[in-house]
Amino acid sequence: MPIIAPSMLSADFLNLGAEIDMINDSEADWFHLDVMDGQFVPNISYGMSIIAQMKKRAKKTFDVHLMIEQPERYLAEFKKAGADYLTVHHETGYHIHRTLTSIRALGMKAGLAINPHTPVEMVQDIIHDIDLLLVMSISPGFGGQQFLPLTFRKIREAKELITKAGSNTLIEIDGGVTLENATEIIAAGADVLVAGNTVFSSADPKATIKSLKQAGK
Ligand code: DX5
Ligand code: ZN
71 MPIIAPSMLS
81 ADFLNLGAEI
91 DMINDSEADW
101 FHLDVMDGQF
111 VPNISYGMSI
121 IAQMKKRAKK
131 TFDVHLMIEQ
141 PERYLAEFKK
151 AGADYLTVHH
161 ETGYHIHRTL
171 TSIRALGMKA
181 GLAINPHTPV
191 EMVQDIIHDI
201 DLLLVMSISP
211 GFGGQQFLPL
221 TFRKIREAKE
231 LITKAGSNTL
241 IEIDGGVTLE
251 NATEIIAAGA
261 DVLVAGNTVF
271 SSADPKATIK
281 SLKQAGK
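Converting from the sequence shown to our numbering requires adding 70 to each position, the first position being numbered 1.
Structure follows, in structure tokens:
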């Protein structure tokens, strides 16, 4: 069964405590937390102080997705805030290998995200340094966008690369995941589904999470 990671970007921030309780009580596995700096992406979200507060109430794994420039500046701070998985973007640095190594050295799982224009083969030589490969299925920055179909091929390529390397890197898909496309995304080889809009704008978020969890069965 896939790992389900609701994206809190689409949560109701005036009722954040209740939204966290809803995820705690649901079949979701992780909290997906999107950090945006207005530089790497054309949007600004929240940072470590909000994440640290959420951590006090949340009972599940924190999957922190950094959409910020020079993420290496803040690794220790996100560890302190409660990140279990910390994901940086391939497009942000000359020394991604060093950054991934630092994330692990701090006691977190290391994630690497690739934008739609970045080929999967770019991660081939460092696949053993990556616990989570986040394949963006939209251009990052906003929730509620349309899933890019080219992602299906990239998932299959990622799966093949990981299998060939004998690595246990998880493949995470982020952006435009719906109840309609979830089964096909899992069939292509994805392990983790992020879902913001699909979960939080549904009439019954817990039931939607349950349906996502059943995808691929
Ligand atoms: C966007 C973020 C996503 C976003 C997904 O850049 O990385 O995690 O919240 O939202 P949906 O599921 O609505 O496309
Ligand atoms: Zn994300």
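Here a beta-carbon is modelled for each residue, glycine too, at the ideal position from N, C-alpha and C.
Element boundaries [beta strand (DSSP E), containing residue i]
{"i": "ASP133", "result": "131 to 137"}
{"i": "GLY181", "result": "179 to 184"}
{"i": "THR188", "result": "It is not in any beta strand (DSSP E) - THR188 carries neither H nor E in the DSSP assignment."}
{"i": "LEU293", "result": "Limits of the chain in this structure are 71 at one end and 287 at the other, which puts residue 293 out of reach."}
{"i": "VAL264", "result": "262 to 265"}
{"i": "ALA75", "result": "73 to 76"}
{"i": "LEU202", "result": "202 to 206"}
{"i": "ILE114", "result": "Note, ILE114: premise wrong, no beta strand (DSSP E); not H, not E."}
Beta-carbon proximity list for residue i, same chain, < 7 Å, skipping 5 on both sides
{"i": "ALA81", "result": "GLU89 and PHE270"}
{"i": "PHE212", "result": "ASN113"}
{"i": "SER115", "result": "LEU79, ASP104, VAL105 and MET106"}
Exposure of residue i, with buried meaning 16 or more beta-carbon neighbours within 10 Å
{"i": "THR278", "result": "buried"}
{"i": "LYS283", "result": "buried"}
{"i": "SER119", "result": "exposed"}
{"i": "GLU242", "result": "buried"}
{"i": "TYR155", "result": "buried"}
{"i": "PRO219", "result": "exposed"}
{"i": "PRO76", "result": "buried"}
{"i": "ASN83", "result": "At residue 83 the sequence reads Phe, which differs from the Asn that was named. Exposed: under 16 other Cβ atoms inside 10 Å."}
{"i": "LYS224", "result": "buried"}
Boundaries (first-last residue) of the alpha helix (DSSP H) holding residue i
{"i": "PRO67", "result": "Because the chain spans 71 through 287 in this model, residue 67 falls outside it and cannot be assessed."}
{"i": "THR221", "result": "220 to 235"}
{"i": "ILE121", "result": "118 to 127"}
{"i": "HIS167", "result": "166 to 175"}
{"i": "ASP91", "result": "86 to 95"}
{"i": "GLU147", "result": "145 to 151"}
Neighbourhood of residue i by C-beta distance below 8 Å, restricted to the same chain and skipping five residues each side
{"i": "TYR305", "result": "Here the chain covers residues 71 to 287 and nothing more, so residue 305 does not appear."}
{"i": "GLN216", "result": "ILE208 and GLY246"}
{"i": "ARG168", "result": "GLU142"}
{"i": "ILE196", "result": "ILE166, HIS167, LEU170 and LEU182"}
Pairwise C-alpha distance: residue j and residue i
{"i": "ALA265", "j": "GLU250", "result": "12 Å"}
{"i": "GLN109", "j": "GLY163", "result": "14 Å"}
{"i": "MET124", "j": "GLY87", "result": "8 Å"}
{"i": "SER281", "j": "GLY214", "result": "19 Å"}
{"i": "ALA146", "j": "ASN94", "result": "26 Å"}
{"i": "PRO72", "j": "GLU191", "result": "24 Å"}
{"i": "TRP100", "j": "SER272", "result": "19 Å"}
{"i": "HIS160", "j": "ALA183", "result": "6 Å"}
{"i": "ALA180", "j": "VAL158", "result": "8 Å"}
{"i": "LYS129", "j": "GLU230", "result": "33 Å"}
{"i": "LEU202", "j": "GLU227", "result": "15 Å"}
Own chain partners of residue i with C-beta closer than 6 Å, once the 5 adjacent residues on each side are dropped
{"i": "THR253", "result": "ALA285 and GLY286"}
{"i": "GLU97", "result": "ILE279, LYS280 and LYS283"}
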